Each structure stands twice: as C-alpha cells, then as structure tokens.
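Written below as structure tokens is the structure these notes are about.
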Amino acid sequence: VTTRKDRLAQAWSIADRVAHDFGLEIFDVQLRRESIGWVLRIFIDKAAQSNMTTETNSSEAVTVEDCQRVSTDVSAVLDAEFSFEHAYTLEVSSPGLDRPLRHAEDCRRFLGRLARFVVAEAIDGQMYLSGRIVGVEETPTESSYQTLHHIVVNNGRSVQRIPWSIVTRANLEVEL
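In terms of UniProt numbering, the sequence shown is residues 1 to 176.
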C-alpha cells in the first residue's frame with residue numbers, strides 16, 4: 001500500500017529532477033484534499049547561493065515563466081511516473097515575498113532582510129520579534145554532532161540574539 005508520505009516523496013523526487021534542470025530547487029511539496037478535490041502544490045525557489053545580497057533583483061526571484069516551465073515539465077513526468085489513484089490539480093508557485101525561514105541557513109541566505117520571529121520562550125519579554133537579520137552565529141556544543149545557532153536581529157532600537165532552537169515560526173517581511 002502506497003502511503004501519502006510515499007506519494008509526497010515520489011512527487012518531491014520528480015519535481016526536484018525537473019527543477020534542477022532549470023537551476024531551481026524545491027522549497028516544499030504539499031498534497032492536500034480541498035474543496036476542489038486533491039491539490040498537489042509544488043513550491044520552487046532559486047537555488048541557494050551563499051553570496052546572496054540584501055538586494056532582491058529579478059535574477060534572484062522565481063518568475064511566472066519559471067513556474068510555467070516547471071509546471072509543464074513536471075506535469076508530463078507526473079503523468080508518466082506518479083502513482084496516485086485520484087484526479088488532482090497541479091499548482092506550481094514560489095514561496096512568496098513573506099516566505100518562511102525554516103532553518104538558520106535560510107536566515108544566512110537572507111542577511112539584511114526584514115524578518116519576523118515567533119519564539120517559544122520570551123526574549124526581553126517578547127514572544128514576537130521583528131527586525132533586520134544582521135548575522136547568524138554558530139556555537140559548537142560539547143557534542144561534536146550539534147551546533148547552536150543564534151540569529152542576530154537589529155530592530156532599530158537594539159540588537160537581539162535569538163536562539164534558533166526556540167524559534168517556532170519565522171518569515172521574511174515584505175519590504176515595499
């Protein structure tokens with residue numbers, strides 16, 4: 001019996017192969033039953049570069065054309081290889097301007113950008129912290145297998161160090 005997790009892994013693998021051909025990477029894949037039926041959502045992103053700057057130009061953002069090309073090619077491969085017994089709608093999009101930050105590396109990638117963090121333990125009495133990401137600090141632990149990450153954020157009044165281990169949600173903030 002093929003589980004939903006197996007189907008997601010299969011869809012991710014197919015989408016990843018196609019996205020890679022266009023210099024893109026998969027940010028997320030979701031398979032959900034909604035009012036219109038089953039929806040397979042594939043979120044694509046430009047491949048991470050360690051030298052990204054605070055400036056967002058068109059070469060760094062996923063374009064409508066990127067989504068269309070990936071959608072067309074993924075659709076063809078899914079038709080041939082994807083084993084799902086229900087009809088589904090395929091959607092391909094970017095993570096959005098307010099994209100989630102899922103790892104400390106995401107914060108490093110978006111140094112200089114405004115972000116909002118929700119934390120499990122208050123920092124200076126605050127559970128919601130916003131500011132410009134100015135650094136990511138790594139501290140090795142006694143265990144050689146783990147590194148503690150602190151996200152350094154400047155909110156305009158002070159600089160705060162947020163332990164990544166207590167971040168429950170983080171997103172970029174839209175800058176207009």
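Glycine is no exception: its CB is placed at the ideal position from the N, C-alpha and C atoms.
Please read all numbers here as calculations on a predicted model, not as lab measurements.
With C-beta atoms as the reference, is residue i less than 9 Å away from residue j?
i, j, result
"E25", "D98", "no"
"N89", "G23", "Here residue 89 is Thr; the residue named in the question, Asn, does not match the sequence. Result no, Cβ atoms of T89 and G23 do not sit closer than 9 Å."
"R102", "A170", "yes"
"I166", "E138", "no"
"F82", "R33", "no"
"I151", "V77", "no"
"R109", "E175", "no"
Can you tell which of the options has the C-alpha that lies nearest to the C-alpha of residue i?
i, options, result
"V136", "P100, Q160, Q30", "Q160"
"R70", "C107, R4, Y145, H20", "Before going further, note that residue 70 is Val rather than Arg in the sequence given. Nearest option by C-alpha distance: H20."
"T63", "G131, V92, V118", "V92"
"P163", "V153, R157, N171", "V153"
"S75", "V39, A122, T141", "V39"
"F43", "S35, M127, P100", "P100"
"T147", "E175, E105, L8", "E105"
"G156", "Y145, L176, P140, I133", "I133"
Report the rounded CA-to-CA distance for residue i versus residue j, giving the unit in angstroms.
i, j, result
"T168", "A115", "13 Å"
"D16", "L129", "33 Å"
"F84", "F27", "22 Å"
"A11", "Q30", "9 Å"
"F117", "T72", "36 Å"
"K5", "D79", "19 Å"
"V119", "T3", "33 Å"
"C107", "C67", "24 Å"
"L111", "P140", "21 Å"
"R18", "S158", "Arg is not the amino acid found at residue 18; the sequence shown has Val there. Distance between the alpha carbons of V18 and S158: 44 Å."
So residue i and residue j are in contact, right, with Cβ under 8 Å, and what is the actual spacing, rounded?
i, j, result
"D124", "S94", "That pair is no contact at about 34 Å."
- Could you name each continuous beta strand (DSSP E) segment of 3 residues or more that falls completely within the stretch 125-162, going from the start of the chain to the end? 126-140, 147-154
- Message: Quick check for students: name the residue ranges of the alpha helix (DSSP H) that lie wholly in the stretch 13-81, counting only runs of 4 or more.
- Response: 64-81
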